[in-house]
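Residue numbers (my numbering), protein chains in the order written: chain U, 454 to 555; chain D, -14 to 121.
Quick reminder that beta carbons are idealized off the backbone N, C-alpha and C, glycines included.
Quick caveat, the model's predicted, so the values are computed rather than measured.
As structure tokens, the structure follows; a few thoughts come after it.
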Amino acid sequence: MMNPHQVFSALSDQTRLEVLARLASSGPSTATELSAVMPISRQAVSKHLTALVQAGLVERNPVGREVRFSFHSDPLDDIAQWASDIGTGWDRRLENLRRSMQ
Amino acid sequence: MQHSNASGASIERSVELEAGRGEVWRRITEGRALSDWMGGVVTIDPRPGGRVTLHEDGAPLVWGTVEDVVDGRRIQWTWRTDDGLPTMVEFEIDPIETRTRLTVRETLLPWTVSGPEVNNLWGGSTLAQGSVFLAA
């Protein structure tokens, strides 16, 4: 599992969220392509992509002379699974407790 | 209820129990009583700095430290498995007439990130190399 705090930190920035949303909806893109449709420079896009790659939310794929970036949902799925497991565990335990006190 | 925010994730559950505050407090602060409903063997020294462990069959030992205790109202500890995510567990007790509501909240705690991960976070070597190709 990725460091969940790195994932949350990556998601806490509005621009990075937009980068991620565009990759998720438009498919693999280069930083240049992303900057063409966003009001920020290619350098700024690259900086945000680095954070997203580090968080495991974006994959970096060199293709020939360019680098394409794609959305990678595994860290979000992992966190959702963690939350579900923890919640299910407490549901079961608290139900045990409630029954034992009836 | 489940929710998450930019700094972490928190899972919260509540239950109303047919018992007074004192009995509920006993059930969440005595190892034997905790073991009866937690699904594993629990040991706990319910004082700040005290050790707490949970050993469920077939699962790795969960171990940690009691962080805060407000007698009869709230107990809070942090724990983790050796290779798992560290979390904080908080129990709160609220009397409701003759019954008692017990709320448990488990929250992810920050990991310590070190070494190459930190160095690569911003302008790290990976992207610096990639930029050569991006510029083409």
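- In the DSSP assignment, Thr14 of chain D falls within the unbroken alpha helix (DSSP H) covering Arg6 to Thr14.
- For Ala489 of chain U, not one C-beta of chain D is nearer than 8 Å to its own C-beta.
- Shortest Cα-Cα distance from Arg551 of chain U to any of D:Glu3, D:Ile(-4), D:Ala(-6) and D:Arg(-2) involves D:Glu3.
- Straight-line spacing of the CA atoms in Ala533 of chain U and Pro457 of chain U works out to 11 Å.
- Sequence-ordered contacts of the region 463 to 491 of chain U with chain D read Leu464, Ser465, Thr483, Ala484 and Thr485 [C-beta pairs closer than 8 Å].
- If you draw a straight line from the Cα of Leu464 of chain U to the Cα of Glu91 of chain D, it is about 21 Å long.
- Thr83 of chain D and Thr541 of chain U have their C-alpha atoms some 28 Å from each other.
- Contact note: Met73 of chain D does not reach chain U at a C-beta cutoff of 7 Å; the least C-beta distance is about 12 Å.
- A residue is called buried when at least 16 other Cβ atoms come within 10 angstroms of its Cβ; Ser537 of chain U does not meet this threshold and is exposed.
- Between Leu46 of chain D and chain U, the shortest Cβ-Cβ separation is not below 8 Å.
- If you ignore the 5 residues before and after Glu471 of chain U, its C-beta comes within less than 8 Å of the C-beta of Met491, all in its own chain and listed in chain order.
- Residue-level contact check: His525 of chain U does not touch chain D, since none of the beta carbons of chain D fall below 8 Å from its beta carbon.
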